[in-house]
Amino acid sequence: MSDRSDEAGPTPETPGTASDSAGGQPAAATESEPADRDADVASARERLLRAHTGPLHRTAIVDRPNAAPFLAARALSAAGRQGPVFTDITVTAGLGQLVALCGDGGEGRSSLLLALTGRFPFRSGALEVDGQTRPGLIRRRFTVAQAGPAIRFDPYATVRTCIKETLTVSKGAATRANINAWLDRLAVGVDTGDTFGFLPRIDQIRFAIACAAAARTPAIAVDDADSGLDRCGSERVFDALRTVADAGQLVLAVCTRSDPPADIVVDLRAQPAPTASARHGRDRNGGHR
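Per the UniProt record's numbering, the sequence shown runs over residues 1 to 289.
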C-alpha cells in the first residue's frame with residue numbers, strides 16, 4: 001500500500017442521505033401567478049443543481065477551478081542499466097479522472113506508473129502533483145493498490161488481515177467503516193475469513209481497489225488492472241475504477257488492453273521499440289531488473 005496523505009479524500013456516498021432540497025422549503029404554489037410559479041420552480045431547480053455533490057455523467061471533477069491540473073508530467077524519460085524504460089511521456093490529469101497506461105509486459109508500464117506516483121526515478125522531464133515536485137510529497141498523494149511483486153497483499157493472508165494492514169499502512173486515514181462502504185459500493189462480496197490468494201482474480205483486484213480508495217488519498221494507482229481477466233472481467237474492473245474516479249479521486253491504472261474506457265490513455269506501444277540488449281533486460285512487470 002502507500003504513504004498516508006494529510007489531505008482526506010472522498011468517501012462513498014451512503015444511499016438515502018442526500019437531501020431532497022437545498023436550503024429551505026420550495027416556494028408554495030398556492031396563491032401565485034403562473035409566471036411567479038414558473039420562476040419559483042426554476043429557482044428551486046437551480047438550488048438543487050448547486051447542492052448536488054455527486055458525479056455528473058461519468059466524471060466528478062475534471063480540474064480544480066482556476067488551478068493547474070492535479071497531475072502534470074512533461075517529457076518524462078527513464079532508463080535502466082540496459083537502456084530506456086520509457087521515453088518522452090507527457091500527460092496531464094485532474095481529480096475525478098481515470099488515466100490508463102497501456103502496454104504489454106516489458107514495455108515500462110509499471111515503471112511509468114511508479115514514476116508518476118513518486119516511486120521510480122526518471123532521468124529527464126518534470127513531474128508535478130498537487131503543486132508538489134519532491135518525490136516524498138508526491139508519494140503522500142497516492143495510495144498504490146498493487147504494483148509488481150513488492151506492493152501487493154500477501155496471498156496467504158486472510159481478508160481480515162489485509163484490512164488490518166490497510167488500517168495500519170494508512171495510519172488511520174482508512175477506517176473499517178469506509179473500507180466496508182467501498183466494498184459494498186464496488187459489489188465485492190468477500191468474507192473476512194477468506195484467504196486473499198484463493199479469491200477469484202477479479203475479486204482480488206477490486207478488493208485492492210476498495211482498500212486503496214478507503215485510504216482517502218487524493219489519488220490511487222493500480223498496476224495490472226486487467227491481468228488474468230477476460231473482456232467481461234476487464235469491463236467490471238474498469239467499472240470499479242470509474243466509480244472511484246467519479247467519487248473525486250484521480251485514478252491511474254495499468255492495463256494490457258488497447259481500448260480501455262478511460263478519460264486519458266497513454267499507450268506505450270506507440271513508443272519506439274527498445275534495442276535488443278534493452279529488451280533482454282526488461283522484467284515481466286515492465287522496466288528493467
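Where is the CB? At the ideal position from N, CA and C, for every residue including glycine.
C-beta contact flag for residue i and residue j at 7 Å
i: G103; j: R109; result: yes
i: L250; j: F70; result: yes
i: A100; j: V237; result: no
i: G125; j: R74; result: yes
i: R206; j: L186; result: yes
i: T87; j: S77; result: yes
i: V159; j: V190; result: yes
i: L113; j: L252; result: yes
Distance, residue j Cα to residue i Cα
i: A221; j: A215; result: 12 Å
i: A262; j: I209; result: 16 Å
i: T175; j: C211; result: 10 Å
i: L56; j: L95; result: Reliability fails at L56, whose pLDDT of 29 lies under 50, so the model's placement of it is uncertain and the value that follows must be treated cautiously. Taking the straight line from one Cα to the other gives about 14 Å.
i: G248; j: Q97; result: 8 Å
i: A72; j: D130; result: 9 Å
i: G105; j: L183; result: 29 Å
i: V254; j: G136; result: 22 Å
i: A28; j: A147; result: Bear in mind that the predicted position of A28 carries a pLDDT of just 34, short of 50, making it unreliable; the figure below should be weighed with that in mind. Going by the C-alpha atoms only, they are around 57 Å apart.
Local Cβ density within 10 Å of residue i, reported as buried at 16 or more and exposed below that
i: R123; result: exposed
i: R232; result: The sequence as given places Cys at residue 232; Arg does not occur at that position. So C232 counts as exposed.
i: A213; result: buried
i: D224; result: buried
i: R81; result: exposed
i: R269; result: exposed
i: R139; result: buried
i: S111; result: buried
i: S234; result: buried
i: T217; result: buried
i: D246; result: buried
i: T243; result: buried
i: R134; result: exposed
i: P121; result: exposed
Host beta strand (DSSP E) of residue i (start-end)
i: R74; result: L71 to G80
i: E143; result: Residue identity differs from the one stated: residue 143 is Thr in this sequence, not Glu. Here the beta strand (DSSP E) through T143 covers F142 to Q146.
i: D224; result: No beta strand (DSSP E) holds D224; DSSP gives it neither H nor E.
i: S124; result: S124 to V129
i: L101; result: L98 to C102
i: P149; result: It is not in any beta strand (DSSP E) - P149 carries neither H nor E in the DSSP assignment.
Bounding residues of the alpha helix (DSSP H) (the contiguous stretch that carries residue i)
i: D246; result: R231 to D246
i: T161; result: V159 to V169
i: F207; result: R201 to A214
i: D88; result: Counting along the chain, D88 falls outside any alpha helix (DSSP H), though it belongs to the beta strand (DSSP E) covering G83 to A93.
i: A177; result: R176 to R185
- Message: Can you confirm whether the stretch 192–203 touches the stretch 165–175 when touching is taken to mean that 3 or more C-beta pairs between the two stretches lie within less than 8 Å?
- Response: no
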